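Chains as they are written, first to last, in the numbering used here: chain A, 1 to 195; chain B, 196 to 390.
Glycine included, each C-beta is placed from N, C-alpha and C at the ideal position.
Since we're looking at a predicted model, the values are computed, not measured.
One structure is given below, encoded as structure tokens.
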DNA sequence: CATTTAACTGAACGCCCGTTCATTTGGAAA
DNA sequence: TTTCCAAATGAACGGGCGTTCAGTTAAATG
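This is the structure in structure tokens:
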């Protein structure tokens, strides 16, 4: 039996990506089979190939999609004001964007080594673009004399690692709300870079 | 042909662990087969089972061994002095221990989800013990009035994420030596937690 | 030199993998 | 009502998986 009601491609496509994301976040790309993903959606493995040319592209689409969403959201955030205000904006944006997306974050930062060379390069370029947004804020603040950042590139990596690390312990419905977490981390970020 | 010269178990055992560590760090536990590990060592897959009861235990031994080394080294470091000195000691210890062991760090922080439930619990307990060492320093400093740390547990996670993140970009022979990296990170850690 | 045995081989076990494709299904279009 | 075709099925492909084990090899032992 096929297509029980209405056209399914609009429905099944997203369901495939959702199932793949959840399963890969939980067990890892290499440990999840196409048959498992199909079973989660409720179809046969062969039908997956109506929605992706192969398993590698399915992973790539998840990761590239996440990075594209991230960069688009950052652009929308439209950080303004002096360097300190823009750093606060970036910090709060990062936390607010990442906290509700634990699976995307996990996959995007853990499955890089399972991307083909060219897919890796594409995702890495987007990561670099995001990092550069923070780095330019740090450099501007350094020029203004507001920040003391001897090596902006390293500080960028340090701050992003610190902020992204929240996903390692945060669980929705935990003892701390996003506002509280933002306040704590912004305090640390501010103190770590200001003169 | 077996045992070409001398008793091999003392030699082959470490070579199995070395090969497994390198391959798993590079490709991931699920993506590496016992046959690949055996080929790297130069033996047949079946011979691996002279050195490990199964693949899962091989992974666990690598991860538990790394954590045991870490905890033993921390104990040896024997941090002393006031809270600020002990925090500096911890920071520099963490960097010095982790920098020369990129494969162990990678495996220990990326393959947790591939451990069986009980193996995960064992490794997690050791991680918690390490984290608690830092947290107690932060709490002591807070009590002394030297640190301003509203939530010591979160600050602990934030600092460890920041420090461990060095492994994401550091490459031996890169532009920065360990001393320089220690100085930069200690500066950020100190400013992030002091009043 | 004869014997023992740790270390390893090589084949086999049943099972799961990613992917392809001829065929079937059933809602939508004519 | 008939036709069409998107969306599925289900079987098959070659291959790799973790693990076991009877048999082989050669260093160590007596």
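query, result
"Okay, do the segment 125-132 of chain A and the segment 211-224 of chain B touch, 3+ Cβ pairs below 8 Å being the bar?", "no"
"Which residues of chain A have a Cβ atom closer than 7 Å to the Cβ of residue 386 (chain B), listed in chain order?", "191 and 192"
"Would residue 380 (chain B) pass as an interface residue toward chain A - the criterion being a Cβ-Cβ separation below 8 Å?", "yes"
"May I ask which residues mark the beginning and end of the alpha helix (DSSP H) holding residue 301 (chain B)?", "297-305"
"For residue 104 (chain A), which residues from the same chain have a beta carbon less than 6 Å from its beta carbon, with the 5 sequence-adjacent residues on both sides left out?", "66"
"By the three-class DSSP mapping on this structure, what secondary structure does residue 194 (chain A) have?", "strand"
"Give every residue of the same chain whose Cβ lies closer than 7 Å to the Cβ of residue 297 (chain B), excluding the five residues on either side of it in the sequence, and list them in chain order.", "362"
"Beta carbon of residue 265 (chain B), beta carbon of residue 285 (chain B): below 8 Å?", "no"
"Would you mind telling me which residues of chain B sit closer than 8 Å to residue 150 (chain A), beta carbon to beta carbon, in chain order?", "379 and 382"
"Name the chain B residues whose beta carbon is nearer than 9 Å to that of residue 114 (chain A)?", "222, 223 and 226"
"Could you check whether the segment 365-384 of chain B touches the segment 171-181 of chain A, counting it as contact only if at least three pairs of C-beta atoms, one from each stretch, sit closer than 8 Å?", "no"
"Please classify residue 50 (chain A) as buried or exposed, where buried requires at least 16 other C-beta atoms within 10 Å of its C-beta.", "exposed"
"Ignoring anything shorter than 4 residues or poking outside the segment 288-368 of chain B, list the alpha helix (DSSP H) runs there in chain order.", "297-305, 312-339, 347-359 and 361-364"
"Could you tell me the boundaries of the alpha helix (DSSP H) in which residue 40 (chain A) lies?", "34-41"
"Taking Cβ positions, are residue 225 (chain B) and residue 309 (chain B) nearer each other than 8 Å?", "yes"
"List the residues of chain B that residue 154 (chain A) touches, going by C-beta distances under 7 Å, in chain order.", "379"
"Give me the chain B residues within the contact set of residue 20 (chain A), using Cβ-Cβ distance strictly less than 9 Å, ordered along the chain.", "Result: empty, since nearest Cβ-Cβ is about 15 Å, beyond 9 Å."
"Using a Cβ cut-off of 8 Å (strictly closer), state whether residue 168 (chain A) contacts chain B.", "yes"
"Please compile the residues from chain B whose C-beta is within a distance smaller than 7 Å of the C-beta of residue 161 (chain A).", "356, 357, 360 and 363"
"When the cut-off is 8 Å and only beta carbons count, does residue 126 (chain A) lie next to chain B?", "no"
"How would you list, in chain order, the residues of chain A whose beta-carbon sits under 9 Å from the beta-carbon of residue 233 (chain B)?", "Correct list: empty, because the minimum Cβ distance to chain A is about 19 Å."
"Would residue 295 (chain B) be called buried (16 or more neighbouring beta carbons within 10 Å of its own) or exposed?", "exposed"
"Using a cut-off of 9 Å between C-beta atoms, extract the partners of residue 353 (chain B) located in chain A.", "162, 163, 165, 166, 184, 185 and 188"
"On the three-pair Cβ rule with 8 Å, is the segment 272-288 of chain B touching the segment 332-346 of chain B?", "yes"
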